[in-house]
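Reading the sequence shown from the start, the letters are residues 13 to 457 in our numbering. Take a look at the structure below.
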Amino acid sequence: MKKLPSRPLPNSLNKYVSAPTLLNQARKAFEKIPDARRYGQQFSLPDVLMSGLAVFGLKFPSLLKFDEQRNEERIRANLKSLYGVKQAPCDTQLRSVCDQVNPAEIRAPFIHINQRLYDHHFLEGFRYLEGFLVSIDGTGQFASSSISCPQCCARHHRNGETGYYHQLLAAVIVHPDQKQVLPLFPEAITHQDGETKNDCELNASKRLVKQLREAFPNWPICVVEDSLFANGPHIKLLKELKVGYIISVKPDGQESMFDEVKNRVFKNECEEFEVLGEDQVLRGYRWINDIPLNKSHPDLLVNFLDYWEIREGKEFNFSWVTDIKLNTNNVHPVMKGGRSRWHIENQTFNTLKNQDYEFEHNFGHGQQYLATVFAMLMMLAFLIDQVQEYGCAFFQAARQRFHSRTSLWIKIKGLFTEFFIESWEALWRAIIYGHGGGALQPNTS
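Structure representation (structure tokens):
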């Protein structure tokens, strides 16, 4: 452990960015979800979904590990005091109920939490350029040659075997100078009703950007995406939805545009400059406004930015198209915005897969929506963690006590399973100042 951090002020459990408020918002959203079960049930749907959120928030490695402890008195008490769960289901019941929940219903807590943060100006630290940068990218979630469901996409191999998989298209608010990211709701890349072909990132992106604009109609959004999305239909959809963009482009994917760039460079019809930084890195910028995207869409004009840097004798090149008019003053910020796309890979997917969230672990597959619902609950737990890490003084002080997030997760789960905890503030104080700093009662059973 590191040395004790400075003591948070008594009122520093900011109500907008603290675990109690964020979890309460999630529960209120869950309470509005229609219950598809037909008969009287032992467990309420909000309790079931909050139990699932607790599994991922507490970083249990499997549902079995959670199920083994859920009936212990201190676990029941802590689930109620911290997560508002009156009665937690067993792992089988948790899977069965979540399998019936339409993933579209799980968007609500993401929307409520992020909109509340926006309304109370918490997101101002994430504003960049002309609004909020939203990085969109897909990742693998599940793959198997033996387990499948009607929602699975299928890949048929030459040896006659069939592979089944689920993917997820995520959208997260990023900022070049922020360590944290704030996930908006994801979109599942799964078999779509009435379709004979597999779903894909491009099709999922059509659904996702429409859903984002519908959910946040007044937000100034600028998506940052990889070269897969540098196509006419996608950019036209963004323009129609009044969503800005910074999209990577490559010569092999936009051959005609890069040929036009070379032609204009030869004619000296572009702007460019280089600057040597104090870090001895040479950075170069070349840009052209209002250039056709490609031959298929000659009427679709975009603004092209080429960036290169030379460090220690090695040259690195990056290129983007954007709807932002480029000039000497903004090409550097636009470049940083474009490169912040990697935050979705490094700060999001890498964290979910390698820092105890166990994103690629098969917590359960089901026959309808289970795999996607669990992935969304995990992403929701990640959002709650990220909001606290960015803005909650108690979480930040607790985080400073450890060299890694995973060490903090281990400590939280250890206290959760061994002590009776009356509140989140008591938990944070116990972590920051030792067990005497928070209202914890040891298990004496």
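By construction, the Cβ of each residue, glycine as well, lies at the ideal position given by its N, Cα and C atoms.
Original post:
Which parts of the region 211-282 are runs of the beta strand (DSSP E), unbroken and 3 residues or longer, counting only runs that do not cross its ends?
Top reply: 233-237 and 256-260
Subject >> Bounding residues of the alpha helix (DSSP H) (the contiguous stretch that carries V346) >> reply: On the sequence shown, residue 346 is found 334 positions in, with the first residue counted as 1. Segment V343 to R351, the alpha helix (DSSP H) holding V346.
**OP:** Indicate whether L179 and T151 have their beta-carbon atoms separated by less than 9 Å.
**Re:** Reading the sequence shown from its first residue, position 167 is the one you call residue 179. Reading the sequence shown from its first residue, position 139 is the one you call residue 151. The sequence shown places Gln at residue 179, not Leu. Against a cut-off of 9 Å, the Cβ pair of T151 and Q179 comes out as a contact.
**OP:** State the CB to CB distance for the pair R82 and A100, rounded to an integer number of angstroms; the pair is presumed to be in contact (CB under 8 Å).
**Re:** Position 70 of the sequence shown holds residue 82. Position 88 of the sequence shown holds residue 100. Distance from R82 to A100 at the Cβ level is roughly 5 Å; contact confirmed, criterion being Cβ atoms closer than 8 Å.
Original post:
Given 8 Å as the limit, is there contact between the region 335-349 and the region 293-303, that is, 3 or more CB pairs closer than that?
Top reply: yes
**OP:** Taking all protein chains shown into account, decide if N366 is buried (16 or more other Cβ within 10 angstroms of its Cβ) or exposed.
**Re:** Indexing the sequence shown from 1 puts residue 366 at position 354. N366 is exposed by the Cβ-count criterion.
Subject >> Where P22 sits in the DSSP three-state scheme >> reply: The residue labelled residue 22 in the question sits at position 10 within the sequence shown. Confidence in P22 is poor, its pLDDT being 46 and thus under 50, which makes the residue's placement too unreliable to answer from.
Original post:
Is it buried or exposed for G137, if we count other Cβ within 10 angstroms and need 16 for buried?
Top reply: In the sequence shown, residue 137 corresponds to position 125, counting from 1. Its Cβ having fewer than 16 others within 10 Å, G137 is exposed.
Original post:
Which one or two residues does DSSP pair with Q179 in a beta bridge?
Top reply: Taking the first residue of the sequence shown as position 1, residue 179 is located at position 167. Note: Q179 sits in a beta bridge opposite G152 and I201.
Original post:
Hey, out of D131, L313, L392 and D264, whose CA is closest to F42's CA?
Top reply: Within the sequence shown, numbered from 1, the residue matching residue 42 stands at position 30. It is L392.
Subject >> Which residues DSSP lists as bridging V184, in chain order >> reply: Here the question's residue 184 lines up with position 172 in the sequence shown. Partner(s): S147 and P195.
Subject >> K71 classed as buried or exposed, judged by whether at least 16 other C-beta atoms fall within 10 angstroms >> reply: Position 59 of the sequence shown, counting from 1, holds the residue named residue 71. By the neighbour-count rule (16 or more Cβ atoms within 10 Å), K71 is buried.
**OP:** Alpha carbon to alpha carbon, how far is D397 from Q359? Give it in angstroms, no decimals.
**Re:** Here the question's residue 359 lines up with position 347 in the sequence shown. Here the question's residue 397 lines up with position 385 in the sequence shown. Taking the straight line joining both Cα atoms gives about 12 Å.
Original post:
Which value, in whole angstroms, describes the spacing of the CA atoms of H246 and W436?
Top reply: Looking up residue 246 in the sequence shown gives position 234. Looking up residue 436 in the sequence shown gives position 424. Roughly 44 Å separates the two Cα atoms.
**OP:** Please go through the same chain and pick out, in chain order, the residues whose beta-carbon is closer than 8 Å to the beta-carbon of L420, but skip the five residues on each side of it.
**Re:** To locate residue 420, count along the sequence shown from 1; it is residue 408. The residues are A410, R411, R413, F414 and I443.
Original post:
Expressed to the nearest angstrom, what Euclidean distance is found between the alpha-carbon atoms of V399 and L61?
Top reply: As a working mapping, residue 399 is identified with position 387 in the sequence shown. As a working mapping, residue 61 is identified with position 49 in the sequence shown. Using only the alpha carbons, I get a separation of about 20 Å.
Subject >> Anticipated Cβ contact below 8 Å, N301 with N315, distance rounded >> reply: Residue 301 sits at position 289 when you count from the first residue of the sequence shown. Residue 315 sits at position 303 when you count from the first residue of the sequence shown. Indeed they touch by this definition, with Cβ atoms about 5 Å apart.
**OP:** Mind listing, in chain order, the continuous alpha helix (DSSP H) runs of no fewer than 4 residues lying wholly within the region 88-147?
**Re:** 103-110 and 119-131
Original post:
Relative to the alpha-carbon of L75, which residue among G256, C212, S108 and L35 has its alpha-carbon at the smallest distance?
Top reply: As a position in the sequence shown, residue 75 is number 63, starting the count at 1. Measuring from the Cα of L75, the nearest candidate turns out to be S108.
Subject >> Span of the alpha helix (DSSP H), counted from its first residue to its last, around I444 >> reply: Numbered from its first residue, the sequence shown carries residue 444 at position 432. Residues W436 to Y445.
Original post:
Do you know offhand how far F406's Cα is from A387's?
Top reply: The count along the sequence shown starts at 1 and reaches residue 406 at position 394. The count along the sequence shown starts at 1 and reaches residue 387 at position 375. So the two alpha carbons sit approximately 27 Å from each other.
Original post:
So, is F431 buried or exposed, given that buried needs 16 or more other C-beta atoms within 10 angstroms?
Top reply: Position 419 of the sequence shown, counted from the first residue, corresponds to residue 431. Buried.
Original post:
Taking the alpha-carbon positions, what's the F68 to A38 distance?
Top reply: What you label residue 68 is simply residue 56 of the sequence shown in a count that begins at 1. What you label residue 38 is simply residue 26 of the sequence shown in a count that begins at 1. Between F68 and A38, the C-alpha separation is close to 14 Å.
Subject >> Cβ-Cβ distance between A227 and Q127 below 9 Å >> reply: Counting from 1 along the sequence shown, the entry for residue 227 is found at position 215. Counting from 1 along the sequence shown, the entry for residue 127 is found at position 115. Yes, these two residues count as a Cβ contact at 9 Å.
**OP:** Name, in chain order, the residues that DSSP records as bridge partners for V385.
**Re:** In the sequence shown, residue 385 corresponds to position 373, counting from 1. In DSSP, V385 forms no bridge with anything.
**OP:** For I45, I'd like the list of residues in its chain whose CB is within less than 7 Å of its CB, leaving aside the five on either flank, ordered along the chain.
**Re:** Residue mapping note: residue 45 aligns to position 33 of the sequence shown, counting from 1. L57, V113 and E117, listed in sequence order.
Original post:
Cα-Cα, which of G244, H377, K92 and I433 is closest to P310?
Top reply: Locating residue 310 in the sequence shown gives position 298, counting from the first residue. Of G244, H377, K92 and I433, the residue nearest in Cα terms is G244.
Original post:
Which residue comes first and which comes last in the alpha helix (DSSP H) that contains V333?
Top reply: As a position in the sequence shown, residue 333 is number 321, starting the count at 1. V333 -> not in any alpha helix (DSSP H); beta strand (DSSP E) instead, spanning K326 to T334.
Subject >> Status (buried if at least 16 other CB within 10 Å, exposed otherwise) for N306 >> reply: In the sequence shown, residue 306 corresponds to position 294, counting from 1. Looking at its Cβ environment, which holds 16 or more other Cβ atoms inside 10 Å, N306 is buried.
Original post:
Under the DSSP definition of a beta bridge, which residues are partnered with V165?
Top reply: Here residue 165 is taken as the residue at index 153 of the sequence shown, counted from 1. Before going on, a small fix: residue 165 reads as Cys here, not Val. Looking at the DSSP output, C165 bridges to Y177.
Subject >> Alpha-carbon spacing of Q408 relative to F144, whole angstroms >> reply: The residue you call residue 408 lines up with position 396 of the sequence shown. The residue you call residue 144 lines up with position 132 of the sequence shown. About 24 Å.
**OP:** List the whole-angstrom C-beta distance separating N374 from F78, where the pair is believed to meet the contact cut-off of C-beta under 8 Å.
**Re:** Position 362 of the sequence shown, counted from the start, is the residue given in the question as residue 374. Position 66 of the sequence shown, counted from the start, is the residue given in the question as residue 78. Contact flag wrong, Cβ pair sits at about 15 Å.
Subject >> Distance between H187 and D291 (C-alpha atoms, nearest Å) >> reply: On the sequence shown, residue 291 is found 279 positions in, with the first residue counted as 1. On the sequence shown, residue 187 is found 175 positions in, with the first residue counted as 1. Computed Cα separation, rounded: 22 Å.
**OP:** Leaving out five residues on either side along the sequence, give the residues of the same chain with a beta carbon under 7 Å from the beta carbon of K218.
**Re:** The count along the sequence shown starts at 1 and reaches residue 218 at position 206. The residues are L249.
Original post:
beta strand (DSSP E) containing I322: first to last residue?
Top reply: To locate residue 322, count along the sequence shown from 1; it is residue 310. Annotation: the continuous beta strand (DSSP E) that includes I322 extends over H309 to R323.
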